[in-house]
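Novice: Just passing along the structure, written as structure tokens.
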Amino acid sequence: MAITADSTILELLQEKPESADVLMRFGMGCLGCAIGRGESIRQAAAAHGIPLEELVAALGIQE
Numbered sequence: 037m038a039i040t041a042d043s044t045i046l047e048l049l050q051e052k053p054e055s056a057d058v059l060m061r062f063g064m065g066c067l068g069c070a071i072g073r074g075e076s077i078r079q080a081a082a083a084h085g086i087p088l089e090e091l092v093a094a095l096g097i098q099e
């Protein structure tokens with residue numbers, strides 16, 4: 037499965053568990069957040085005021 041900015045945080049963490057460190061570096065506590073399970077990476081970036089381009093580059097995924 038290709039992970040993109042429209043994938044959920046849960047899908048990201050299942051496919052790339054090491055991405056948890058990246059999310060934490062950006063101040064995203066998505067790991068324990070119930071909303072994060074169904075929220076897309078794009079939505080999470082917007083909710084946290086993080087530039088999507090920076091986040092996807094750090095995660096090594098496509099926008």
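For the sequence shown, the working numbering assigns the number 37 to the initial residue and increments by one for each residue that follows. For glycine and all other residues, C-beta sits at the position ideal for the given N, C-alpha and C.
(1) Using 10 angstroms around the beta-carbon of residue 46, count the other beta-carbons present and answer buried if the total reaches 16, otherwise exposed.
(2) Provide the residue span of the alpha helix (DSSP H) that contains residue 55, from first to last.
(3) Thinking C-alpha only, which one of 49, 50, 85 and 61 is nearest residue 94?
(4) Can you tell me where the alpha helix (DSSP H) with residue 98 in it begins and where it stops?
(5) Mind checking whether residue 77 and residue 41 have CB atoms under 7 Å apart?
Specialist: Answer, in terms of the structure:
(1) Start at 1 with the first residue of the sequence shown, and residue 46 comes out as number 10. Looking at its Cβ environment, which holds fewer than 16 other Cβ atoms inside 10 Å, residue 46 is exposed.
(2) In the sequence shown, the residue the question calls residue 55 occupies position 19. Counting along the chain, the alpha helix (DSSP H) containing residue 55 begins and ends at 55 to 61.
(3) For the purposes of this step, residue 94 is taken as the residue at position 58 of the sequence shown. Taking only the C-alpha atoms, the option nearest residue 94 is 61.
(4) What you label residue 98 is simply residue 62 of the sequence shown in a count that begins at 1. Premise fails: residue 98 is in no alpha helix (DSSP H) and is neither H nor E.
(5) Along the sequence shown, one-based indexing puts residue 77 at 41. Along the sequence shown, one-based indexing puts residue 41 at 5. Closer than 7 Å, so yes.
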